[in-house]
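Numbering (our numbering), first residue to last: 633 to 1086.
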């Protein structure tokens, strides 16, 4: 069974229904019977079409009770006892900040200081052997963030998780030894509860490629073997880490480091397809790190590299970041309703969403539907080509800022309830209008006539 992406052109002259409903109907009508979308984004919007790229689960992969990523439970209230932000930097779009190896972590630390809790996904903070995510952040797989914003799941904080690691039964046994050493180092230095390592033979096959729009994507096959192992140990685990080879042309490795950050990271897109599928079907937190394909690639001399990818140039396994993240990744709670359960977050608890400008996927559409303020950051350039200001935002629900520094200030203003126009000069006077009601004068005149006659 192969999981891959399909491309669709959806006319922009939508009927008079919500944009989310329209896109869902258009995508589902174009898929083969029984196939399900697992990841959705619009890479470009022009006068005629939304150019959609959709990760597709073929018929027969998993048994998902709520199979549509477009399903929504609309929130009726917003809980205001805490300010909880969501930071998204989608994988595989060539983001200037967060497009390499955990290089959005300083941004996460800044924005977390403006929140009670910052929900983020692995792409933001994964830096090979490093993971410096903020102490008040939650490490949540991207598809789970999507469902959180759509209102179909909640996330519950945990003290620790029992982590299962799936690895390729690599023909180079040294790579397997490196992975197991990474696990034991994480157990010894971090106290992480990594309960089992399972070698898959044959392994999951992951192939990276670039889409027509230039995004990193790919295909995944053999995932049913991973799902079978997860099901076997389901009662004994709380999260799944995967380390496997990602197939791509060998020259990409040298070219990636040589391009000084100008080459779009080719691994992330296919990794997202894998983890979206695992988290959706198994209902568990999941994250992936790549294994080297060969000894030649493992011993390749990268030299001095762009600082954003330096963490990748140092690591042999790229594993520690995901083991640390999954160690306390929140539990996924299906069909969670608004509650006061300690440690539980639902869509009612989300105060804002921060994204790179131009990114149009289900999280942005969910925020549009749910009335969640969205902050789009212009400095985080990427290859997505969408004018977010053209969406039908309610007043005060969409903000475009230049930098993440400005985003942090905006979050603080939202948190404290400070009107943004009062922070700027000149400070304009409150608007004064007058309404004259002719009917009211006539009524008063009639009342006077009545009193006289009495």
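By construction, the Cβ of each residue, glycine as well, lies at the ideal position given by its N, Cα and C atoms.
| said: One question on the structure: do residue 1092 and residue 787 come within less than 8 Å of each other, judged by their Cβ atoms? | reply: What is shown of the chain runs 633 to 1086, which leaves residue 1092 out entirely.
| Span separating the alpha-carbon of residue 1029 from that of residue 794 | Rounded to the nearest angstrom, the two C-alpha atoms are 39 Å apart.
| query | In whole angstroms, what is the alpha-carbon distance linking residue 970 and residue 711? | reply | Taking the Cα positions, residue 970 is about 9 Å away from residue 711.
| query | In chain order, what residues of the same chain have a beta carbon less than 7 Å from the beta carbon of residue 1086, not counting five sequence neighbours either side? | reply | Bear in mind that a pLDDT of 49 at residue 1086, under 50, signals an unreliable position, so the number given afterwards is only what the model happens to contain. The beta carbon of residue 1086 is closer than 7 Å to none in its chain, skipping five residues each way along the sequence.
| request: Please name the residue in 770, 747, 720, 1069 whose C-alpha comes closest to that of residue 956. | output: With distances taken between Cα atoms, residue 956 lies closest to 770.
| message | Just to confirm my understanding: we take residue 741, look at its own chain, exclude 5 residues before and 5 after, and list those with CB closer than 6 Å. What are they? | response | Counting only Cβ-Cβ distances below 6 Å, and skipping sequence neighbours, we find 766.
| task | Quick one: residues in its chain with C-beta nearer than 8 Å to the C-beta of residue 1033, no 5 flanking neighbours on either side, listed in chain order? | result | Short of 8 Å from the beta carbon of residue 1033, and not among the five residues preceding or following it, lie these beta carbons of its own chain, in chain order: 1007, 1008, 1009, 1010, 1039, 1042.
| task | List the DSSP bridge partners of residue 1016. | result | In DSSP, residue 1016 forms no bridge with anything.
| field | Per-residue DSSP class, three states only, for residue 641 | value | Residue state, collapsed to three classes: strand.
| task | Return the CA-CA distance between residue 949 and residue 686, expressed in angstroms with no decimal places. | result | Roughly 30 Å separates the two Cα atoms.
| query | Would residue 883 be called buried (16 or more neighbouring beta carbons within 10 Å of its own) or exposed? | reply | Counting Cβ neighbours within 10 Å, residue 883 comes out exposed, since fewer than 16 surround it.
| message | Assuming contact is defined by CB atoms lying nearer than 8 Å, are residue 965 and residue 923 in contact in what I supplied? | response | Not in contact: residue 965 and residue 923 (Cβ atoms no closer than 8 Å).
| request: Just tell me which of 1052, 891, 645 has its CA closest to the CA of residue 682. | output: Ranking 1052, 891, 645 by Cα distance to residue 682 puts 645 first.
| message | Comparing C-alpha positions only, which one of 937, 952, 824 sits nearest to residue 921? | response | For residue 921, the closest alpha carbon among the candidates 937, 952, 824 is that of 952.
| said: Does the segment 663–683 come into contact with the segment 637–644, if we say contact requires no fewer than three beta-carbon pairs (one atom in each stretch) closer than 8 Å? | reply: Contact holds: three or more Cβ-Cβ distances are below 8 Å.
| Reduced DSSP category for residue 842 - H, G, I as helix; E, B as strand; rest coil | In the three-state reduction of the DSSP assignment, residue 842 falls in the strand class, which pools E and B.
| Of the choices 868, 958, 933, whose alpha-carbon is the least far from that of residue 947? | Of 868, 958, 933, the residue nearest in Cα terms is 933.
| request: Excluding the 5 residues preceding and the 5 following residue 981 in the sequence, name in chain order all residues of the same chain whose CB lies nearer than 6 Å to its CB. | output: Closer than 6 Å at Cβ, skipping near neighbours: 711, 716.
| task | Taking all protein chains shown into account, decide if residue 776 is buried (16 or more other Cβ within 10 angstroms of its Cβ) or exposed. | result | Buried: at least 16 other Cβ atoms inside 10 Å.
| Pick from 927, 929, 874 that is closest to residue 835, judged by C-alpha positions | With distances taken between Cα atoms, residue 835 lies closest to 874.
| field | Where the beta strand (DSSP E) containing residue 925 begins and where it ends | value | Note, residue 925: premise wrong, no beta strand (DSSP E); not H, not E.
| Across which residues does DSSP place residue 984 in a beta bridge pair? | Per DSSP, the beta bridge partners of residue 984 are 717.
| field | Straight-line gap, residue 994 to residue 718 (C-alpha atoms, nearest Å) | value | Each residue's alpha carbon lies about 14 Å from the other.
| task | Under 8 Å Cβ to Cβ from residue 669, same chain only, skipping five residues before and after it: list those, please. | result | Closer than 8 Å at Cβ, skipping near neighbours: 659, 660, 663, 686, 687, 688, 689, 700, 701, 702.
| task | Per DSSP, which residues does residue 799 bridge with? Please list them. | result | Bridge partners of residue 799 according to DSSP: 831, 875.
| query | Going by C-alpha distance, which of 904, 861, 938 is nearest residue 895? | reply | Measuring from the Cα of residue 895, the nearest candidate turns out to be 938.
| Helix, strand or coil: which one does DSSP assign to residue 947? | In the three-state reduction of the DSSP assignment, residue 947 falls in the coil class.
| query | Taking just the CA atoms, how far does residue 1066 sit from residue 1057? | reply | Residue 1057 and residue 1066 have their alpha carbons spaced roughly 26 Å apart.
| field | Whole-Å CB distance - residue 768 paired with residue 750, under 8 Å assumed | value | With a Cβ gap of about 6 Å, residue 768 and residue 750 count as contacting.
| task | Under the assumption that residue 628 contacts residue 902 (Cβ atoms under 8 Å), give the Cβ distance between them as a whole number of angstroms. | result | There is simply no residue 628 to check, as the chain begins at 633 and stops at 1086 in what is shown.
| request: Leaving out five residues on either side along the sequence, give the residues of the same chain with a beta carbon under 8 Å from the beta carbon of residue 1026. | output: Once the five neighbours on either side are set aside, the close Cβ partners of residue 1026 are 1003.
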